[in-house]
Amino acid sequence: MIGKIDNGTPFPIGASQNLNIDQQGRLFFGMNASGKPPCNGEIEVELQITPAAVSAQVKSKLGAAAQTWLQGQLGIGNSQVSSSPGIAGSASSPAVATPLPETTLKVSNTPLNPGLAEDLNSVPRRVNDQFKNLGDMVNFVIVGPQQKLQAALRAAHWQLADQSTSVAVVSAAVETYENKDYRRMPMSTLYLFTRPQDFGYEQAEAYSVVASRHHCRIWKAPFTWNHETVWVGAGTHDIGFEKDQRNGKVTHKIDPAVDGERDHIGESLQQTGQVGNILYYLPDQPVKEAKNATGGTYHSDGRVLVMFLK
1 MIGKIDNGTP
11 FPIGASQNLN
21 IDQQGRLFFG
31 MNASGKPPCN
41 GEIEVELQIT
51 PAAVSAQVKS
61 KLGAAAQTWL
71 QGQLGIGNSQ
81 VSSSPGIAGS
91 ASSPAVATPL
101 PETTLKVSNT
111 PLNPGLAEDL
121 NSVPRRVNDQ
131 FKNLGDMVNF
141 VIVGPQQKLQ
151 AALRAAHWQL
161 ADQSTSVAVV
171 SAAVETYENK
181 DYRRMPMSTL
191 YLFTRPQDFG
201 YEQAEAYSVV
211 ASRHHCRIWK
221 APFTWNHETV
231 WVGAGTHDIG
241 FEKDQRNGKV
251 THKIDPAVDG
261 ERDHIGESLQ
271 QTGQVGNILY
281 YLPDQPVKEA
291 KNATGGTYHS
301 DGRVLVMFLK
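Under the numbering used here, the first residue of the sequence shown carries the number 1, and numbering increases by one thereafter.
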């Protein structure tokens, strides 16, 4: 098979070929032969056109995804490495904190209302999986009605995670067809107050979402404050993959410096203008160092970020 554009010079195609076309015109295909062909028949050609700008954008996103994965897995790149013990049963690898932009989070020095503080002290410090393995720490609280909560998260570019793998496959296919970026990778179910999360939200760059994403799970608390709904959340930042100590399978590795994700959540919501007072609260028996349900280590100053919606 050969091709040419208008009356230009023919070029080889063969069984398949990637071509960089930098001129406008009609594209013709033909057999690479001279004279009258010895037989009759048809040739089926499948043509896929990718605009140059889209191609460059895809390459950029794939490059960013690869860099994030290398930082999370191997410590390669401009990232800060914090030492942590190797996971039992697997090769020891550095726990890499993928640097977040310097925070501009503005936090009030006003002390937390004693009544709300007492209620927050009753909240379990950590969530658990279906096998009762303790995992991520509770590190943020949002006070306000559900409608305002979800509006603020949307405004901060957090997206609801798909709830199942089958839904994810359909969503990814539809959004690819519509030339959109799929960023709603499902997340595992964790439990607080003896029930699964009410919402799972995430932020991620397209193509990076499989390996790297900001994400959080949110539960409605069994108490209110000042007649307002209280939402309790656990946020972590996926930066790569590691061995799941429960079953030996591959799972996400989190940035061990979980306070960075806590503050990232607060900063993203504060920038929407839909959040009023924000303050830190150090609960009773704070979590300073622990492992998540899959065996990954993390550390924190133990404080919970409390945010009040306007």
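Glycine is no exception: its CB is placed at the ideal position from the N, C-alpha and C atoms.
Beta-carbon separation (whole angstroms), residue i vs residue j, contact threshold 8 Å
i: Y191; j: I218; result: About 13 Å separates the two Cβ atoms, so there is no contact after all.
i: W225; j: L116; result: 5 Å
i: D259; j: N121; result: Rounded, the Cβ-Cβ distance is 20 Å, inconsistent with contact.
i: A155; j: T229; result: The pair is not a contact, with the Cβ atoms about 18 Å apart (cut-off 8 Å).
i: Q130; j: W158; result: In fact, because the Cβ distance is near 25 Å, the residues do not count as touching under 8 Å.
i: M31; j: P38; result: About 11 Å separates the two Cβ atoms, so there is no contact after all.
Cα-Cα separation between residue i and residue j, rounded to whole angstroms
i: V138; j: I49; result: 48 Å
i: G8; j: Q24; result: 11 Å
i: V45; j: L19; result: 14 Å
i: V304; j: G295; result: 22 Å
i: D255; j: K132; result: 22 Å
i: A221; j: N247; result: 31 Å
i: G302; j: V287; result: 5 Å
i: Q146; j: D198; result: 11 Å
Residues that DSSP places opposite residue i in a beta bridge
i: K220; result: W231
i: E289; result: H299
i: M318; result: Nothing about residue 318 can be reported from this structure: the residues present for the chain run from 1 to 310 only.
i: M307; result: I142 and I278
i: Q48; result: None; Q48 has no bridge partner.
i: G260; result: According to DSSP, which records beta bridges pairwise, G260 is partnered with nothing at all.
i: L192; result: R195
i: E267; result: E267 is not bridged to any residue.
Candidates the options: closest to residue i by CA position
i: F193; options: T272, V123, K148 and N133; result: V123
i: L309; options: V275, M31 and N292; result: V275
i: G235; options: Y298, F223 and P222; result: Y298
i: N128; options: K4, P196 and P256; result: P196
i: S34; options: N247, A151 and M1; result: M1
i: T110; options: A290, E289, K291 and N277; result: N277
i: Q245; options: H227, K291 and H264; result: K291
Under 7 Å between C-beta atoms of residue i and residue j
i: L336; j: V306; result: In this structure the chain extends from 1 to 310, so residue 336 is not present and cannot be described.
i: C216; j: G240; result: no
i: E267; j: L47; result: no
i: P12; j: K4; result: no
i: G135; j: A257; result: no
i: L27; j: A152; result: no
i: D238; j: R213; result: yes
i: W231; j: L149; result: yes
i: I265; j: F140; result: yes
The ligand FMN heavy atom lying under 6 Å from the CB of residue i
i: K132; result: With respect to the ligand FMN, the structure shown offers nothing to examine, as it has no ligands at all.
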